[in-house]
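For reference, the structure is listed below as structure tokens.
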Amino acid sequence: MIFIKNKHDLCVYKKISGSSIAYHVLYVDGILLIGNDVKMLGDVKELLSIKFSMKDMGEASYILCMSHWNSYIEKVLKRFKMKKKRGNEDPMRHGIKLSKKKSPKTAEELKRMLDIPDASAMGSIQYVVQCTRPDVAYAFERNE
1 MIFIKNKHDL CVYKKISGSS IAYHVLYVDG ILLIGNDVKM LGDVKELLSI
51 KFSMKDMGEA SYILCMSHWN SYIEKVLKRF KMKKKRGNED PMRHGIKLSK
101 KKSPKTAEEL KRMLDIPDAS AMGSIQYVVQ CTRPDVAYAF ERNE
């Protein structure tokens, strides 16, 4: 089983076989296996366990001091009463600019906006995007 070393990051290796892909990420004394084929990942783990003493820690939820952001994001959405908002795959559609014209006009819109502490909401969102989503960070900075 041959993995190809990533030319930009010497700790990342990739194997492609047909439509299956697996990444082998090394960090000090840890290995992270990521892929779209459970059998291929199992084969890699089996091969590695023959050559090295290792322990399978299960599914990764905390990598390089970064945990999944889902719970933090859920708390932010709940805190700022944004739970009912729908996501958007494209964080910044071409040509959209925020302006005073898009400010709340009705009493209901204004009341909802008054319930959101702007600086706190923006700070919480900025923290997430800087750590996880450079595409969202770009859209965020353009519309601050």
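Counting from 1, position 42 in the sequence shown corresponds to residue 42 in UniProt numbering; the numbering is continuous, with no gaps.
Beta carbons are placed, not taken as given, at the ideal position from N, Cα and C, and that holds for glycine.
Among S103, E46, F52, I34, which one has its Cα closest to the Cα of I16?
I34
Would DSSP call G35 helix, strand or coil?
strand
If you draw a straight line from the alpha carbon of K81 to that of S20, how long is it in whole angstroms?
41 Å
Buried or exposed: where does V129 fall if 16 or more other Cβ atoms within 10 Å of its Cβ makes it buried?
buried
Under 8 Å, do K45 and D37 count as touching if we go by C-beta distance?
no
Give the C-beta separation of K7 and Y13 to the nearest angstrom, bearing in mind that I take them to be a contact with Cβ-Cβ under 8 Å.
Here K7 is actually not in contact with Y13; their C-beta atoms are around 11 Å apart, not less than 8 Å.
From the DSSP output, read off the bridge partner residues of A22.
K15, G35
Limits of the alpha helix (DSSP H) - the one that K75 falls within
70-79
I125 (DSSP reduced to helix, strand or coil)
helix
Could you tell me which of M40, E74, L41 sits nearest to A121, measuring between CA atoms?
Out of M40, E74, L41, E74 has the C-alpha closest to the C-alpha of A121.
Quickly, what does DSSP pair K101 with across the bridge? List them, please.
Answer by DSSP bridge pairing: none, since K101 is not bridged.
Give the secondary structure of G30 by DSSP, where H, G and I count as helix, E and B as strand, and everything else as coil.
Note: G30 maps to strand in three-state DSSP.
M40: buried (16+ other C-beta within 10 angstroms of its C-beta) or exposed?
buried
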